[in-house]
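A.B. asks: Below is the structure I would like to discuss, written out as structure tokens.
There are 2 protein chains.
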Amino acid sequence: MTQQGEGFRGIFAASLTPQHDDLRIDHDALAAHGHWLLDNGCDGLALFGTTGEATAFSVAERLEALEAVLDAGLPAHRLLVGTGCCAVPDTVTLTRHAVQHGAGGVLLLPPFYYKDVSDDGVFAALDQVIQRVGEAALRVYLYHIPRMTAVPFSHALVERLLTAYPEIVVGMKDSSGDGEHLRRMIEAFPGLSVFSGTERHLLGALQAGGAGCITATMNVTCPLAGQIFAHWRHDDVRPLQFQMGMLRETIESYPVIPALKRIMATWTGQSGWLNLRPPLMPLDDAAAATLLAALQRLNFFSAFV
Amino acid sequence: MTQQGEGFRGIFAASLTPQHDDLRIDHDALAAHGHWLLDNGCDGLALFGTTGEATAFSVAERLEALEAVLDAGLPAHRLLVGTGCCAVPDTVTLTRHAVQHGAGGVLLLPPFYYKDVSDDGVFAALDQVIQRVGEAALRVYLYHIPRMTAVPFSHALVERLLTAYPEIVVGMKDSSGDGEHLRRMIEAFPGLSVFSGTERHLLGALQAGGAGCITATMNVTCPLAGQIFAHWRHDDVRPLQFQMGMLRETIESYPVIPALKRIMATWTGQSGWLNLRPPLMPLDDAAAATLLAALQRLNFFSAFV
């Protein structure tokens, strides 16, 4: 992992956000999970991304949780903090706070309520955020996830942001799930740290010059991804990539965030991992049973626990 | 307009939110516009809907603006306040505040970030909001606007909410734009105040038993809609409906919120009306010129100013 003028590289889990039974964030469990991820193949963590149920928490809850995990020793420079909201003032509040607490970067969703908005409009939103935060240490990663936002970061928009803020806009998480889109982004913007939003494209992304991956399933498969990232230049890591792809495919055939929380609850024996904020709902027992059985057949638990 | 056990009825403007040049909400202009709307055909106002750029403002900005317009004399019982956010705690804060300040109702978006969520998940979100607000005076209007949210209020979900909270869930704004969907909602839920999100369907909605309309273009065409609502039972209001439809169609062929703000700026001579929060952007001058010319041809300005 390097981040000097350039952006992050490597394996990032889009961290789950564990919650108490009353759905407050469980700061201790979040910090403990973060430490486990960093000790097991992750170069960094994306906190408060889609997987982290970011939008389900108030600004105050997000500020408090970041401070709590930093107090618990998570290294700020390895954190990519999701701060993009629909309201520019909220994005400014979260972004400034993350930067002032030393976060290595922020992951910016575009304002995502309105559809069919222009590139000019999304540019204006990010421009206002960057100007109002006014911190030279700010490092922005663009969060392209049209399946949730329907507001894409087009090539033209990325180009314009890079031209306006070459020191600040340093990366992108491409969660389109489209390998071809990912490849074109990597090729078009060689100075940008482009992360795949799925580890299915991890090896391909690295071979094309991408930065790595930031994904939901890294919460549980990061040991494999860490090996791939460590060895892909010199060893044949295709069997590892294949194994990781099989796990992803299995987990992806369920609602991913509830499935991951169910896996964590099973792993850790801590039922609090089952808690989710609505509109997300826990897997029902039947789905959980087939998921866990499928993972058992892939030797998932014996490989990792 | 009645609201005793039943829900609202009539003509509601989804109020624009005027802003100072630094994009803070212009409380005085918002209150003045609200008074104008109520004096010119509107039975009530929806504050902080899609047209009001609700999601572009922080929770604190929304609380402050509501208090300011109430202080300026807007009647709370005629206000339908948009309070639905992605985060349940934010929705609870805004909803409780609106009810405690006497708002006649709240307009609830479902949590709108995640897609492909279950009816169970949306139900759980609204259930938590209603339980945590815990106010008997709460009146909820469901905001069905799949074009922005991609999270619909299905018939099954509406049924379930009505069964769980028959005194509280009293209405719906159907912004699907689909007349057939609107008709089916009105027929399926005769106890519910179902509003059309477009005045193109106003007369049809009223004839089918609907409650009226809550629309963006009511910011400028409410005098016509008010006449329709006053006279549709006994007079032939089809010419008025046709005229209103023509105006709607003209305005709708531009980005609606910027177009409406441009019209307001022209009407009032107050350039502050041009201000919008990104990602929305003002109409460019060429588009504004063709819009205003088209409205002129429809005698829009001579009819209303």
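Sequences listed follow chains L and U, in order.
At position 14 of the first sequence (counting the first as 1) the number is 13 in numbering that gives the first Met the number 0, and the numbers step up by one without a gap.
At position 285 of the second sequence (counting the first as 1) the number is 284 in numbering that gives the first Met the number 0, and the numbers step up by one without a gap.
Glycine residues also receive a C-beta, built at the ideal position from the N, C-alpha and C atoms.
Is it true that the stretch 150-159 of chain L meets the stretch 5-20 of chain L, where meeting means three or more beta-carbon pairs spaced less than 8 Å apart?
C.D. replies: no
A.B. asks: Measure from the alpha carbon of residue 149 (chain U) to the alpha carbon of each residue in U:29, U:117 and U:227, then state which is nearest.
C.D. replies: U:117
A.B. asks: What residues from chain U crowd round residue 217 (chain L), counting only those whose CB sits closer than 9 Å?
C.D. replies: Result: empty, since nearest Cβ-Cβ is about 19 Å, beyond 9 Å.
A.B. asks: By alpha-carbon positions, which one of L:67, L:288, L:24 and L:191 ends up nearest to residue 6 (chain L)?
C.D. replies: L:191
A.B. asks: Since residue 114 (chain U) meets chain L, which of its residues come closer than 7 Å, beta carbon to beta carbon?
C.D. replies: 146 and 147
A.B. asks: Going by DSSP, name the residue or residues bridged to residue 18 (chain U).
C.D. replies: U:24.
A.B. asks: Going by alpha carbons, who is nearest to residue 45 (chain U) out of U:95, U:189, U:292 and U:73?
C.D. replies: U:73
A.B. asks: Got a sec: which bits of the stretch 104-137 of chain L sit with their beta carbon under 9 Å from any beta carbon on chain U, in order along the chain?
C.D. replies: 108, 109, 110, 111, 112, 113, 114, 115, 116, 117, 119, 120, 121, 122, 123, 124, 125, 126 and 127
A.B. asks: Give me whichever residues DSSP pairs with residue 142 (chain U) in a beta bridge.
C.D. replies: U:172
A.B. asks: Please report the straight-line C-alpha distance between residue 1 (chain U) and residue 231 (chain U), rounded to a whole angstrom.
C.D. replies: Low local confidence applies: a pLDDT of 35 at residue 1 (chain U) is under 50, so the model's placement there is unreliable, and no value is given.
A.B. asks: As a quick exercise: from L:187, L:69 and L:80, pick the residue whose alpha carbon is nearest that of residue 54 (chain L).
C.D. replies: L:80
A.B. asks: Sort out for me which residues DSSP pairs residue 316 (chain L) with in a bridge.
C.D. replies: Coverage of chain L is limited to positions 0 through 304, which leaves residue 316 (chain L) absent and any answer about it impossible.
A.B. asks: List the residues of chain U that residue 54 (chain L) touches, going by C-beta distances under 7 Å, in chain order.
C.D. replies: Neighbours of residue 54 (chain L) across chain U, judged by C-beta separation under 7 Å: 85, 86 and 112.
A.B. asks: Please name the residues in the stretch 268-279 of chain L whose beta-carbon is closer than 7 Å to at least one beta-carbon of chain U, in chain order.
C.D. replies: Per Cβ criterion, the list reads 276, 277, 278 and 279.
A.B. asks: Taking 7 Å as the limit between beta carbons, can you name the residues of its chain near residue 221 (chain U), skipping five residues before and five after?
C.D. replies: 10, 12, 36, 39, 40 and 41
A.B. asks: Report all residues from its chain with a CB closer than 7 Å to the CB of residue 280 (chain U); omit the five preceding and five following residues, and keep chain order.
C.D. replies: 257.
A.B. asks: Express the C-alpha separation of residue 238 (chain U) and residue 89 (chain L) in angstroms, rounding to a whole number.
C.D. replies: Taking the straight line from one Cα to the other gives about 46 Å.
A.B. asks: I'd like to know if residue 57 (chain L) contacts chain U, where contact means its C-beta is closer than 9 Å to some C-beta of that chain.
C.D. replies: At least one C-beta of chain U is nearer than 9 Å to the C-beta of residue 57 (chain L).
A.B. asks: DSSP three-state call for residue 221 (chain U): helix, strand or coil?
C.D. replies: In the structure shown, residue 221 (chain U) sits in a helix (DSSP, three-state: H, G or I).
A.B. asks: With a 10 Å radius around its C-beta and 16 neighbouring C-beta atoms as the bar for buried, classify residue 292 (chain L) as buried or exposed.
C.D. replies: So residue 292 (chain L) counts as exposed.
A.B. asks: Note down, in chain order, every chain L residue with its Cβ under 9 Å from the Cβ of residue 60 (chain U).
C.D. replies: Going along chain L in sequence order, the residues near residue 60 (chain U) (Cβ under 9 Å) are 86 and 88.
A.B. asks: Let me see if you follow: with CB-CB separation under 9 Å, is residue 197 (chain L) close to chain B or not?
C.D. replies: The structure shown has no chain B; the protein chains it does contain are L and U.
A.B. asks: My understanding is that residue 227 (chain U) touches residue 236 (chain U), with C-beta atoms under 8 Å, so please give their C-beta distance in whole angstroms.
C.D. replies: 5 Å
A.B. asks: Is residue 83 (chain U) closer than 9 Å to residue 98 (chain U) when the C-beta atoms are compared?
C.D. replies: no
A.B. asks: Rounded to whole angstroms, what is the Cα-Cα separation between residue 273 (chain U) and residue 260 (chain U)?
C.D. replies: Approximately 6 Å between the Cα atoms of the pair.
A.B. asks: Note down the Cα distance separating residue 167 (chain L) from residue 125 (chain L), rounded to an integer number of angstroms.
C.D. replies: Straight across, the Cα-Cα distance linking residue 167 (chain L) with residue 125 (chain L) is about 11 Å.
A.B. asks: Count the other CB atoms within 10 Å of the CB of residue 175 (chain U); is the residue buried (16 or more) or exposed (fewer)?
C.D. replies: The residue in question, residue 175 (chain U), is buried, as its Cβ has 16 or more Cβ neighbours within 10 Å.
A.B. asks: Pick out whichever of U:254, U:67, U:143 and U:137 has its Cα sitting closest to the Cα of residue 33 (chain U).
C.D. replies: U:67
A.B. asks: Could you check whether residue 48 (chain L) and residue 75 (chain L) sit closer than 9 Å to each other, using their CB atoms as the reference points?
C.D. replies: no
A.B. asks: Report yes if the C-beta distance between residue 95 (chain L) and residue 60 (chain L) is below 9 Å; otherwise report no.
C.D. replies: In this structure, residue 60 (chain L) does not lie closer than 9 Å to residue 95 (chain L) by Cβ.
A.B. asks: By the DSSP assignment, the alpha helix (DSSP H) with residue 291 (chain L) in it spans what residues?
C.D. replies: 284-296
A.B. asks: Considering only residues of the same chain and omitting the five flanking positions on each side of residue 200 (chain U), which have a CB-CB separation below 7 Å?
C.D. replies: If we look at residue 200 (chain U) and ignore the five residues flanking it on each side, its Cβ neighbours are 178 and 181.
A.B. asks: Locate the beta strand (DSSP E) running through residue 122 (chain U), then write down its first and last residues.
C.D. replies: Note, residue 122 (chain U): premise wrong, no beta strand (DSSP E); alpha helix (DSSP H) at 118-132.
A.B. asks: Report the residue ranges of all alpha helix (DSSP H) runs contained in full by the stretch 224-258 of chain L; include only those spanning at least 4 residues, in chain order.
C.D. replies: 237-251
A.B. asks: Measuring alpha carbon to alpha carbon, tell me which of L:85, L:213 and L:270 ends up nearest residue 77 (chain L).
C.D. replies: L:213
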